[in-house]
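A.B. asks: Supplied in structure tokens, the structure appears directly below.
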Amino acid sequence: MAKPILTSQDTDFPQWYQDVVAKAELAENGPARGTIVIRPYGYRIWELLQQILDERIKATGHENAYFPLFIPMSFLEREADHVEGFSPELAVVTHGGGKELGEPLVVRPTSETVINHTFSRWIQSHRDLPVLINQWANVVRWELRPRLFLRTTEFLWQEGHTAHATSEEAQEETLKMLGVYRDVVRESLAIAALTGEKSPAERFAGADRTFTVEGMMRDGKALQMGTSHDLGQNFAKAFDIVFAAEDGSEHHVWQTSWGVSTRLVGAVIMAHGDDFGLRLPPAIAPYQVVVMPLGGDDAQSTVEAAMQLVRDLEAAGHRVKLDDRLHVGFGRRAVDWELKGVPVRVEIGPRDLESGTAVVVRRDTREKASVELERLIQTIGERLVEIQQALLDETEAQRLTRTSLISDLDEFKSTIAAEPGLYVAGWCGSASCEEAFGDGTGASIRCIDPFEELPGSEPRCLACDNLASHQAVIAKAY
RNA sequence: CGGGACGUAGCGCAGUUUGGCUAGCGCGCAGCGUUCGGGACGCUGAGGUCGCGGGUUCAAAUCCCGCCGUCCCGACCA
């Protein structure tokens with residue numbers, strides 16, 4: 003039987019994560035601290051996700067554009083909360099062309115400032131609104147404790163920036179894009195995430211309100227998978243983005259911004275992976291099917307049958323890999339593809355050729371089935387649909403199992419240490435009570451008043467016992 | 001950025017305490033042959049600035065100083 007290839011999740015989840023990122027050839031560390039080399043297999047996952055998101059972003063009326071990597075330091079300083087929030091994690095360029103710069107340039111940690119500077123020149127009239135822009139880019143935030151995909155100093159993301167004539171429109175946009183994220187996370191990444199608002203403490207620096215998509219990983223910790231911000235008029239005022247209304251009066255625009263990053267690759271790894279490796283949802287799997295001819299005396303004919311099957315599967319619209327490395331033993335090849343999380347593996351050996359069948363193995367359950375060749379294409383298509391759904395169902399079930407209602411602070415603190423998960427409680431809204439939740443537990447409010455239905459919380463605050471104004475979802479997080 | 005552990009071949013490690021000839025082992029890699037229904041085997045072979053820089057010494061992987069990087073725990077975060 004198989005020797006252990008990865009540290010088991012139960013033994014050491016962070017070690018398991020590092021093992022699987024390395025062994026599935028997703029990514030490795032770059033030479034400078036906090037940097038990441040995304041390997042082809044990992045990058046393909048990102049590309050597939052990117053393609054799906056890009057279509058959705060365009061379908062909701064947004065256009066892609068590109069803004070500069072370097073931003074004058076003074077731009078950051080225009081919005082007080084913004085600069086305060088980002089200062090600790092800025093990378094600053096002080097020299098260029100061998101000379102000290104008159105004004106330092108920051109490497110964008112996010113692009114609100116450059117983009118809004120530009121918006122102020124683009125927007126004159128209500129006829130120019132709304133402006134709906136998206137950018138695919140890299141950003142830099144100096145990280146003190148990096149982890150591949152989850153938190154790297156440089157990461158890839160998509161950032162949407164919009165400007166609207168009314169507050170209502172901006173609010174609607176904020177929630178619309180949150181919904182797009184929730185849907186993509188659910189339908190493509192197969193993760194049943196929670197959506198809701200961030201507490202003021204967790205809010206984006208410069209936003210009036212921040213909404214989040216929070217996923218739960220297999221170790222019971224939460225991961226912020228995307229955010230959507232209602233920026234109000236904060237940046238409009240800082241960058242003087244003004245439009246003339248129909249009646250000639252002048253107004254500042256109302257704005258939003260929203261983004262998801264390569265962290266989502268980390269989310270897929272941790273939400274679905276098991277002790278055998280990745281389990282990729284077919285929607286974003288670089289290869290949805292791997293076809294493995296077996297060697298032996300009949301190698302020639304099994305390889306031929308495998309190649310024919312690959313052609314047929316490709317014709318049916320699937321992403322397929324032929325693994326005809328006959329110099330590598332069967333077990334090794336099987337283990338490789340399990341590590342890499344390919345949803346369906348097809349084995350064709352001499353016995354199959356004789357009986358006119360092939361063995362179809364699904365990665366999520368590792369179940370094997372012998373399937374007749376005539377039904378193979380159809381069966382595999384069905385399996386892929388089933389696997390996509392099964393992975394989602396698993397995360398949904400797991401989230402429900404690991405969501406508990408809690409009303410006693412001491413009990414909460416002892417319980418969350420032993421059983422990580424989502425804890426639903428009442429919260430009075432005060433920052434001191436929010437701190438009290440995290441004190442000694444390392445947990446934080448992941449979101450408040452989630453849109454998904456959760457067990458109803460106590461009407462009183464978990465910490466101070468005053469009347470609760472919010473339902474808080476508390477968890478340890480990445 | 002604080003506390004702790006660590007850095008020797010692509011990966012995992014021994015050797016460092018007590019300085020001493022040509023720095024070893026397993027996996028992986030290359031060639032040949034035999035194999036293939038859950039990490040195959042034999043033979044042959046390649047691969048090392050011992051993280052980087054300085055210092056001590058007749059002599060440094062080994063001792064001292066500085067820096068870089070990794071992992072864990074905290075504080076900060078997509």
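Under the working numbering, the first residue of the first sequence is numbered 3, with each subsequent residue one higher.
Backbone N, C-alpha and C define an ideal beta-carbon position, used for all residues, glycine too.
Predicted, not measured: the structure shown is a model, and the values here were computed from it.
1) Give the secondary structure of A4 by DSSP, where H, G and I count as helix, E and B as strand, and everything else as coil.
2) Which residues mark the beginning and the end of the alpha helix (DSSP H) in which V187 is found?
3) Are G198 and D83 touching if we call contact CB-CB under 8 Å?
4) Assuming W144 and T154 form a contact by the criterion Cβ under 8 Å, report the distance between their Cβ atoms to the nearest whole angstrom.
5) From the DSSP output, in three-state form, read off H320 for me.
6) Is it buried or exposed for A399, if we count other Cβ within 10 angstroms and need 16 for buried?
7) How big is the Cα-Cα spacing for V85 and V330?
8) Where do the ends of the alpha helix (DSSP H) carrying I271 lie?
9) Look at V426 and L456 and say whether their C-beta atoms are less than 8 Å apart.
10) Pick helix, strand or coil for H253, following the three-state DSSP scheme.
11) Who are the near neighbours of D467 in its chain, counting only those whose CB is closer than 7 Å to its CB and skipping five residues on each side?
12) Which value, in whole angstroms, describes the spacing of the CA atoms of I117 and G98?
13) When DSSP labels each residue in this structure, what does T381 get in the three-state scheme?
14) Would you check if the segment 237 to 245 and the segment 210 to 224 touch, i.e. whether three or more CB-CB distances between them fall below 8 Å?
15) Along the beta strand (DSSP E) that carries R211, what are the first and last residues, could you check?
16) Quickly, what does DSSP pair V109 with across the bridge? List them, please.
17) May I have a chain-ordered list of the beta strand (DSSP E) segments no shorter than 3 residues that lie completely inside the segment 416 to 450?
18) Would a C-beta distance cut-off of 8 Å place L131 and H64 closer than the cut-off?
19) Let me know if M3 comes out buried or exposed under the rule of 16 or more other beta-carbons within 10 Å of its beta-carbon.
20) Out of A317, R365 and V373, which one is the CA nearest neighbour of E388?
21) Tell whether a beta-carbon distance below 8 Å holds between P70 and S190.
22) Sorted by chain position, which residues of the same chain lie with C-beta nearer than 7 Å to T112's C-beta, five sequence neighbours on each side aside?
23) Identify whether W138 lies in helix, strand or coil by the three-state DSSP scheme.
24) In the DSSP output, which residue or residues are listed as bridge partners for T367?
25) What's the gap between the Cα of D299 and the Cα of D326?
26) Put F121 into one of helix, strand or coil per three-state DSSP.
27) Span of the alpha helix (DSSP H) holding L469?
28) With burial defined as no fewer than 16 other Cβ atoms inside 10 Å of the residue's Cβ, what is the status of P148: buried or exposed?
29) For S357, name the three-state secondary structure that DSSP assigns.
30) Can you check which of these residues, A195, Q11 and R35, is closest to L402 by C-alpha distance?
31) Quick one: what does DSSP say W18 is sitting in, helix, strand or coil?
32) Taking Cβ positions, are L393 and A192 nearer each other than 8 Å?
33) Given 8 Å as the limit, is there contact between the segment 34 to 46 and the segment 99 to 108, that is, 3 or more CB pairs closer than that?
34) Out of curiosity, what's the CA-to-CA distance linking H254 and Y45?
35) Given A167, which residues of its chain have a CB within under 8 Å of its CB, disregarding the five upstream and five downstream residues?
36) What's the gap between the Cα of T397 and the Cα of V270?
C.D. replies: In terms of the structure at hand:
1) Unreliable positioning characterises A4 in this predicted model, as indicated by a pLDDT of 45, which lies under 50. The coordinate reading is nonetheless provided below. Here A4 sits in coil by DSSP.
2) From DSSP, the alpha helix (DSSP H) with V187 extends over S169 to E189.
3) No, they are not a contact pair.
4) So it is not a contact: roughly 11 Å between Cβ atoms.
5) Note: H320 maps to coil in three-state DSSP.
6) Exposed: under 16 other Cβ atoms inside 10 Å.
7) Separation of V85 and V330 (C-alpha to C-alpha, rounded to the nearest whole angstrom) is 55 Å.
8) Going by DSSP, I271 is part of the alpha helix (DSSP H) stretching over R265 to H274.
9) Taking 8 Å as the cut-off, the beta carbon of V426 is found closer than this to the beta carbon of L456.
10) In this structure, DSSP gives H253 an extended state, which the three-state scheme calls strand.
11) The same chain holds no residue with a CB closer than 7 Å to that of D467 once the five nearest residues on each side in sequence are set aside.
12) Cα to Cα, the separation comes out at about 23 Å.
13) Helix at T381.
14) The way I'd put it, the segment 210 to 224 doesn't touch the segment 237 to 245; fewer than three beta-carbon pairs between them come closer than 8 Å.
15) First-last of the beta strand (DSSP E) with R211: R211 to M218.
16) Beta-bridge pairing links V109 to F72 and A93.
17) You should have 424 to 429 and 446 to 450.
18) No. Outside cutoff.
19) With a pLDDT of only 38 at M3, under the threshold of 50, the placement of this residue in the model should not be trusted, and no figure is reported.
20) Checking every option, the nearest Cα to that of E388 belongs to R365.
21) Between P70 and S190, the C-beta gap is not smaller than 8 Å, which leaves the two residues out of contact.
22) Non-local beta-carbon contacts of T112 in its own chain, meaning distances under 7 Å to residues more than five positions away in sequence, involve V141 and E161 in chain order.
23) Of the three classes helix, strand and coil, the one that applies to W138 here is strand, per DSSP.
24) Answer by DSSP bridge pairing: none, since T367 is not bridged.
25) Answer to the nearest angstrom: the Cα atoms are 15 Å apart.
26) F121 falls in the helix class under three-state DSSP.
27) In this chain, L469 is not harboured by any alpha helix (DSSP H), its DSSP state being neither H nor E.
28) Classification for P148: buried.
29) DSSP places S357 in the helix class (H, G or I) of the three-state scheme.
30) Measuring from the Cα of L402, the nearest candidate turns out to be A195.
31) When secondary structure is reduced to three states using DSSP, W18 falls in the helix class.
32) Against a cut-off of 8 Å, the Cβ pair of A192 and L393 comes out as a contact.
33) The segment 34 to 46 makes no contact with the segment 99 to 108: fewer than 3 CB pairs, one atom from each, lie closer than 8 Å.
34) If you take the alpha carbons of H254 and Y45, they lie about 40 Å apart.
35) For A167, where only same-chain residues beyond five positions count, the Cβ hits under 8 Å are H128, L131, P132, F245, A247, H253, V255 and W256.
36) Rounded to the nearest angstrom, the two C-alpha atoms are 11 Å apart.
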